[in-house]
Structure formats: C-alpha cells, structure tokens
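Asker: Residue numbers (my numbering), protein chains in the order written: chain D, 12 to 538; chain F, 12 to 538.
No residue lacks a Cβ here, since even glycine has one placed at the ideal position from N, Cα and C.
Below is a structure I'd like to ask you about.
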C-alpha cells in the first residue's frame, strides 16, 4: 500500500504515520484512492522545527517577494482548474459548475491576489509614527501558523489555499496546513502548486507545509507548542473549543470560526408586501450548497399571523419541491440527523423533510421545522442547536415583545438579517429588534440573505462568542483578517537605520498607509 | 463601625458585604481609616445589572457627550489634587512630590483628556466603507468592562481614573471598577469625582461604578458573567491567570498585563565607552519608584570581561549608596523577599542588598544579584522569576553565542533594551541580539531605559505572553488601547438612514479618519 507523503521542510517525504485514512465520495459512498497518512507527533514536530526556522527568514523577506509567491500560486491554481474541480467534486459532491469552477475557484485566486496586493503595500501593518517622541510601531508577523480548514469550502477556505492561509502568509508567517480530512486530495493538489510557487518565488524552506490528519492529542499539543505563533480553525464547535482551551492555557492566540445559526427576522410588513418573493429568496439561501454554509440561515423569526402562516407554508412547499443535495460526508449527514432528532424530540414540528435520503449518497430531505415563541423561550439554548445542512427552524413569535426576548436569548452569531417593508410600517419594530440583534451578530443585513460573504475590506466574517473566539476579528476582509496573525511591535528611540522599512522616514512602498503624527498618509515622514 | 458604601447604579449605597478590610500605611505599618467592604456577589450582580442597562444607553450616547464627561472629570481631579496626593501618599508611600503631584497626576488627567479627544473624533472606530458593495463596518462598544487596577500606579492606572478606565469609557462602555485593595481611599476620591462628572455630563445611570474588593470566586464569576463585555486586569501573574482561565472558558475577552522582567542588554562597546554614565542611568531606572514599575529592568545581560566587572561593581556601589524606598505594601515586601530567596537558593550571587529593612516601613535593601550565563541556561524559567521591587539580576554571558541563547530562552516581556556604542563596534552583535530580542518583547528600545511609558499613539505597552494575554494589543496609546474594548460590527446592505453616524456618508465629526474604498480620509463619502 502506497501512502501519500506529507510536505515538510520543502520536501514531499514519507509521513511518520500512526495509521492511514481514505477520502470517500459522498455521492457514491465509495472510498477514493489514494491512501493518506495520519501523522504522528514526529511529523508535527519536524514541521514546527522547519516553520520556526522559516519564521526568521520570512521576517527578512520583502512584501514584494511574498506577493510574487501569491500571484504565482494563483496562476498555478488557474492552470490546474480541471483536476482541482474534478477532485473536489469527487471528494465533496459539490457541483463542478457553477459552484466549484465558476464561483469558488475564482474567489480563491481572487483572495490570493488581493492578499498579494496587501503584502505589496504593507498597509496591514498600521505603521504609527510619533516623530516628536521618536516612538514608532507597526504590526509584524507572529510566527508559525496552524491552519485547520473546514469541510464546506474545499477551495476558498482550504487550509493551504483559502483565506486564512492567504492572510497568514501575506503577513510573513509560515503556514502549517492541516488538511480537512474530507478532501485530502484537493488539498494535496493545492499543496503541490503552492510548493512549486514557493520554490519559484524563492520563499524559505518550511514556509508552507502540509499534513493531512493527526490525533486530537497531537493537534492540541501543536497549537500549544512554544514554536507556534497562532492557530486558525474553522470547523465544528466541539473540536474547536477543545483546541481553544489548550491554546488559551498556553497563551497562544487562536482564531476560531465555529457554529452559527444566522437568525433571519422577517417583519410583518415585509411578509405582507412581498412574502412570495421572500419565500423564494429565503429557500434558495437555506438550500444553497445543501445548507452547508457557515452563514446558512438556520433560524428564522416571524410574528404570528395569517401572512406568516402562508409564508411558512410557501417555504415548506419550496423545501419539498427543491432537489435534495448531497451532503459533504457521512459525518455531516450523521450530525445533521442527530441535530434534527434533538430539535424534534424537544418539540419542534416538522413541516417538510426530516427523513434521510431523497438524493444521491449521503443526504437528508430538505427540512423545515417550526416552534412557537414561548416554547423557544423555555429552552433557547436547546433550540439554537445548529443543524448544519439543509435544515431550518422557524420560530413563530406571538408578538413583538416576545420577538425581542427571543432575540435577546440568542447566542453570538456570524450574521443576522432583518427584512422590513419599504413604506415605514415596520420601522418602529425594526429599530427595536435590529438594535437588539446588532449586538448578537458580526454582520447585520437588511433585505439580503447572509449566505454571500463578499471579500471586501468592510466585511466582517466573525462575531460574538461562540460564533468565534473574539468579537474584534474577522476571517474575511483585507486588511483586517490579516492582522489576526500579527504582533504589535514598538520601537522606542531605536536608531533610524535600524528601524524596519515600514517605519523608516521614507515610505518603502509608496502605497503604504501610515499614521504619522495623527494623520494617515501614503507619504514620507516630513523632514 | 461605619463601612464605606459602594457606588452602584448611580448611588453610594451600603455594600452587601461578606467582610471588611482597611488599607495600611506602608511607611508606618499602621492601618488607615476608614473601613471598606468586601462585596458579596449581590453587589457584583447589582452592578452588572446596572451596567447592562447603561451599555444600551451608552451606545446611543454621542462621543461628544462622553468627551464632556472625561474633560469634566479631569478638571475635577485637578481641583482635588491636594486630597488625592495626600491620600495616595498615605496609602502607597509613593513620594507626594514630584511623583504623585507632578508626574502621575498630570499624566492621569492628560490621559483622560486625550481619551476625550479620541471620543470626540471617533477615529478609534476604524470605520471602513465599501461603497461599491454597500458594506460598511466599524468598531463599537463591547458592553460592561471590569477594570482591576494594579497597586503601583494609584493614579495613572487606577481602576476608575487610569488608562484602562479611560479607554473603556471613551469607547462607550460602562465600567465597573474593582479598586486595588492597597489604595481604596484614593480610588474612592476618584470615584466621587467621576460620579459627579458623570451626573453633570448626563451619562446614564450605571455607566461608572465602584466596588472595593470581592472574593476570588466572585471575581471569577464576574468576568465570566453573560452581561460582561470584557475585563482589563493589571497585577500579579498568578491572580491574572486565574481570571484568564475563567474568562477564556466563557469566551469573554480579557486583557492582562502580568509579569515582566524587561531585559536590558549592554553590549561591550557601550560598557567600554560610557560604562560610568550607564551605571548611573541603569541604577536610576532600577530603583525608580522602589523598582515597582511594570517596566522595571529586572534582568540585565552583559558579556563577561573586565569592563563588565567594573560596570557591575559600579552598579552594586550605587545600589548600596542609594536610599532605600518604601514598598507599596506588606504583600509586595513578602513577595519580593520570596522571589529573592528563590533566586538566591538557586545560586544567584548577592552583590548588594538582599536583606529586609534599610528604610521606612516595608522595605528591602536595594538588591543586585549576579549569575553566570551557563547557570542561567540550566534553568531559564527559574531565573526569570520576577522580583517585583528594587531588585535586579545581572546575567554574565561568557560570549556572544551564549548571550543569543539566553535571549532565546526568555519569556515574553513588555520591553527589551539594547545599549550599543556609537562607533560601530557593537553593530554586528546588535543585529543578532536585537533581532532575537525583538520577538520576545512588545517595545524594543535603544540607548534608553524602559521605565518611561510615554502616552503616544505609537506606544506599545504590551507584549508576548506571559507579559500579556495577546501580543496584538497595547494598554497604553490611543487609539490602539481603546480598540481592546470593542467589537467589529458590519452593516451589509443596511438602509443608509439606519447606519450609525460613523458609517453614514457625511463624516459626523469632521475629524474622524475613515477608510473609504481603500483610502483614509477625514472627508465625506463622495456622492
């Protein structure tokens, strides 16, 4: 049996593995060749040693050189579109077109190129210069970053090609990617391209490394290792909180993107004036990617009334009529079924779906559940159980005051949406409910579904705990997402020629924004 | 027995206390009147309830109104200079002049006024506007902030007047101050002034509250309470890490400033060319405030040689000749003696001091210890034991390579200094050692002692764990210190009139810096 090698210290080498695993095609339930290693601590230790050395080298590497790597890598990914799409489709059952080839792949290369621009300008450093006191500071790389990628975006959040990877390397940190175990083949293809690009760009050995899988214990040891700078994790809440506990104890930053039910509130005027349109829009967002988006609307809050009844019935009809997508893996299907059982056992009423099957491979019928507001409030934690996949819970509030209490009972979420009419009849209610929802979510939307996460400097793909580990950081959006992987470094009375380029009098890139004596400028320090 | 009331929900009310305590004059070892309460959970719960309500009100309060409060408060403090200085002198034994009256008090009012300017301009929000995608985001208040102030700056880091207080309230968060138990009377005087200023400025009930002391268990419960936004803690490492563990488990941000030995490296050329001058400068920094500064140089690294021997001897002479200051409390004296015992038992050689007494009240002779580089490297963790107070450990490295290993073995610190000559003889060594030290400290200095912490936008009073809990944040410096107490809030497709003022097309203050479509500007969004 041939076991795939891991990428450590600039070479594809045999893993010191404790066991092996294979991916599975979720549409056929058949295992996929080849066989991948479950790395032992020896692999992780070797990767950390190489990354530690690379961290020192990368601190001396210019933003321009890192940008060249990112641009080269993006080009290589584009030239590998066909095999990447084929592999990801086999491993995830996500549609080859438009999803993988036309949406997610361009997003991925776009992110890498945007990270390249950020590395070139260096504005992410927030250089701050006090000429009177001769104190200067800027953000700087943290050191080796572990990236644990999720199952649901094999390209755009891939541990060796996605947003966290791009943010970590753009800021001069070595990355050790831990592949998501449901798409190791896709991650391997990316790693080959990344490795070639890194060699072509002359990045230091150990800047980019890959392992496929490891034990929970070794993963925990890795995030707490003294050589680790920080960790980025996107995935299940239980596994993420285990890593968080270990990282926190070791004083190591960890950025988590965990569960989120992404509440959507439809105010009565909106339901009344455009219920049919909204039912379509809402259903599309709920079922997009078979509901496997971090920002999937898993909870919808409505006010009781005849229009709401019609709206809910229309959504249920659409759920039943829509094709049933394949889930990403057996694990996702099992977890979705378990969550649905939890909700149904707790009294949620089934309006559509609820049963396994109905499509190819691992799948569960598109599921719409309903519960009354009083019942929700009797155990809000339980009814916020995330049912990751094509399932949504409708909460029917008896009145506005109860809707306010429901919102107040919500945990932290990535997003929250409020739909209202355009004639003012919902305005007072909007002010109350959106005001409450604002502080429960990272991104507040009006009249728009949350599933799109635009790559914009103004984006916040983050939110209050337990959606993430800290409400001040975003995983998407440049430069904010980049600063997660940095330390603030201050130079007090340091002799001018010893300052890093970003803090010297001359603006090193000509495009770097710096806060000089209280003013943001792309100019030099006035002499 | 009259017990001082606590400040909860806009009134000075009797504490629901479990017990009481008194401050002590460390110079006379005599207890000071009056008697202060140890609050039970009932007090903390009431304060949290009031702060929770205030948080909602403060979010609607303009930066201008908060600035008025801060300015009024600064003025009231100035009008209370005499009683404040007298009380702080009695409670801490810090010199009334120049330290308390002429240095620390003006620094405190200066910080409050700078926070007022920041609240007025609103630039701390980092508003980011993407006009093409209609996504806008900015930083916003987090909610009730607990401030646990340290013993060593009764004014400038006071829990209800210092930097953390100013940062939390300037960003629109209610503050619940927990007085440092060694200076409750000073804190009470501040709270009276703050309360009056809050009423005069019309701040919401519950914006500013004070308790004096509570049990460790109730303190831990408070930082993890669902109503808590975040916590700022400056103090001992052991107590801080206990709070961190609880806050981390609850997903609540906590900003810690813990221990730091602030390594100073004197390169051979500097010692040779200006050893006498440096011995004076170094001794002054070591003994300033009886060594009770967070940035006190507790560890000095030198290269073995005759000039180093003379330098160390000169410093020892100066330590012996200098007056012995009074320590802040019995606890500080006990802890210092314990740390010295640890270091001496581990083999550090006593060059000066080492014995209790020599001054008024609680004191320990100015203490200089020495150890060889090899011995240090045999147990670097042990020899980095912080001896908070007027004590410093000199590490004599055998050669440059060993000095590099010593620096590599250091824990995270707030500051690190390198002194070098001005003729180039130290340059190669500087590049190696300063490069290593850079990533162990928040602030790197050249030819300057670390004890001064200028209030500058470019300051970093922070550093890698365990100096603080996160290497990206600073406790001093506006606006960076302010952003610790904020969440990132994004508005996606939100109707323009519903946006917060900071994100509307018109710049609401005229001075707010905003990142509009990639450019920093104080202008409006171009129409």
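1) Looking only at its chain, what residues have a beta carbon closer than 6 angstroms to the beta carbon of residue 362 of chain D, apart from the 5 residues adjacent to it on each side?
2) Determine the DSSP secondary structure at residue 374 of chain D, reduced to helix, strand or coil.
3) Is the beta carbon of residue 494 of chain D sitting closer than 9 angstroms to the one on residue 137 of chain D?
4) Going by DSSP in three states, residue 266 of chain F sits in which element: helix, strand or coil?
5) Please tell me whether residue 451 of chain F and residue 503 of chain D are closer than 9 angstroms, where the distance is taken between their beta carbons.
6) Any chance the region 425-441 of chain F sits against the region 335-352 of chain F, with 3 or more Cβ pairs inside 8 angstroms?
7) Measuring alpha carbon to alpha carbon, tell me which residue in D:331, D:88, D:254, D:384 is nearest residue 401 of chain D.
8) Do residue 221 of chain F and residue 182 of chain F have their beta-carbon atoms positioned less than 9 angstroms apart in this structure?
9) With distances taken Cα to Cα, identify the nearest neighbour of residue 369 of chain F among F:351, F:337, F:356, F:13.
10) Could you round the C-beta distance between residue 28 of chain F and residue 226 of chain F to whole angstroms and report it? I think they count as a contact, below 8 angstroms.
11) I'd like the span of the alpha helix (DSSP H) that includes residue 621 of chain F, first residue to last.
12) Mark residue 109 of chain F as exposed unless 16 or more other C-beta atoms lie within 10 angstroms of its C-beta, in which case mark it buried.
13) Residue 203 of chain F: which of F:23, F:525, F:266, F:475 sits nearest, CA to CA?
14) Can you confirm whether the region 441-450 of chain F touches the region 286-299 of chain F when touching is taken to mean that 3 or more C-beta pairs between the two stretches lie within less than 8 angstroms?
15) Taking residue 219 of chain D and residue 205 of chain D to be in contact with their CB atoms under 8 angstroms, please state how far apart those CB atoms are, rounded to whole angstroms.
16) Going along the chain, which unbroken runs of the alpha helix (DSSP H) with 4 or more residues stay wholly within the region 40-64 of chain F?
17) Whose C-beta lies closer than 6 angstroms to the C-beta of residue 526 of chain F among residues of the same chain, with five residues either side of it excluded?
18) Output yes or no for whether 9 angstroms exceeds the beta carbon distance between residue 499 of chain F and residue 31 of chain D.
19) Roughly how many angstroms separate the alpha carbons of residue 119 of chain D and residue 56 of chain D, rounded to a whole number?
20) Within the 9 angstroms Cβ cut-off, does residue 146 of chain F reach chain D?
21) Does any residue of chain D bring its CB to less than 9 angstroms from the CB of residue 381 of chain F?
22) Out of F:481, F:505, F:467, which one is the CA nearest neighbour of residue 490 of chain F?
23) Residue 392 of chain D by DSSP, collapsed to three states: which one?
24) 9 angstroms is my cut-off, CB to CB: does residue 524 of chain D come that close to chain F?
25) Do you know how far the Cα of residue 518 of chain D is from the Cα of residue 246 of chain F?
26) Can you pull the chain C neighbours of residue 502 of chain F, defined as C-beta to C-beta under 7 angstroms?
27) Evaluate contact between the region 251-271 of chain F and the region 250-264 of chain D, counting only Cβ atoms and requiring at least three cross-stretch pairs below 8 angstroms.
28) Can you pull the chain F residues whose beta carbon is under 7 angstroms from the beta carbon of residue 481 of chain D, in chain order?
29) Considering just the uninterrupted stretch of the beta strand (DSSP E) at residue 141 of chain F, what are its terminal residues?
30) Compile a chain-ordered list of the residues in the region 152-180 of chain F whose CB is closer than 8 angstroms to at least one CB of chain D.
31) Quick one: list the residues of chain D neighbouring residue 244 of chain F, beta-carbon separation under 7 angstroms, in chain order.
32) Express the C-alpha separation of residue 483 of chain F and residue 157 of chain F in angstroms, rounding to a whole number.
33) Work out the CA separation of residue 100 of chain F and residue 374 of chain F for me, nearest whole Å.
34) I want to verify the contact list: residues of chain F whose CB lies under 8 angstroms from the CB of residue 280 of chain D, in sequence order.
35) Do we get a CB-CB distance below 9 angstroms when we pair residue 471 of chain D with the residues of chain F?
36) With DSSP as the reference, identify every bridge partner of residue 8 of chain D, one or two as the case may be.
Answerer: In short:
1) 327, 379, 381
2) Of the three classes helix, strand and coil, the one that applies to residue 374 of chain D here is coil, per DSSP.
3) The Cβ atoms of residue 494 of chain D and residue 137 of chain D sit closer than 9 angstroms to each other.
4) Strand, per DSSP.
5) No; because the gap between Cβ atoms is not below 9 angstroms, this pair is not in contact.
6) Not touching, per the Cβ criterion.
7) Closest option to residue 401 of chain D, Cα to Cα, is D:331.
8) Contact: no.
9) F:337
10) Not quite, the Cβ-Cβ distance comes to about 11 angstroms (not below 8 angstroms), so this is no contact.
11) Absent from the model: residue 621 of chain F. The displayed extent of chain F is 12 to 538, so no value can be given.
12) Exposed: under 16 other Cβ atoms inside 10 Å.
13) Closest option to residue 203 of chain F, Cα to Cα, is F:23.
14) The region 286-299 of chain F vs the region 441-450 of chain F: no contact.
15) 5 angstroms
16) none
17) Answer for residue 526 of chain F: 139, listed in chain order.
18) Not closer than 9 angstroms, so no.
19) 29 angstroms
20) yes
21) no
22) Of the listed residues, the one whose Cα sits closest to residue 490 of chain F is F:467.
23) helix
24) yes
25) Put simply, the backbone Cα of residue 246 of chain F is about 39 angstroms away from that of residue 518 of chain D.
26) The structure shown contains no chain C; the protein chains it does contain are D and F.
27) yes
28) Ordered by position in chain F, the residues that pass the 7 angstroms Cβ test against residue 481 of chain D are 264.
29) Per DSSP, residue 141 of chain F is one residue of the beta strand (DSSP E) stretching across 139-141.
30) 153, 154
31) The contacting residues do not exist; residue 244 of chain F stays about 14 angstroms from chain D at best.
32) 20 angstroms
33) Taking the straight line joining both Cα atoms gives about 16 angstroms.
34) Within 8 angstroms Cβ-Cβ: nothing; residue 280 of chain D doesn't reach chain F, min ~14 angstroms.
35) Chain F, which has a Cβ nearer than 9 angstroms to the Cβ of residue 471 of chain D, makes this yes.
36) For residue 8 of chain D there is no data in the structure shown, the boundaries of chain D being 12 and 538.
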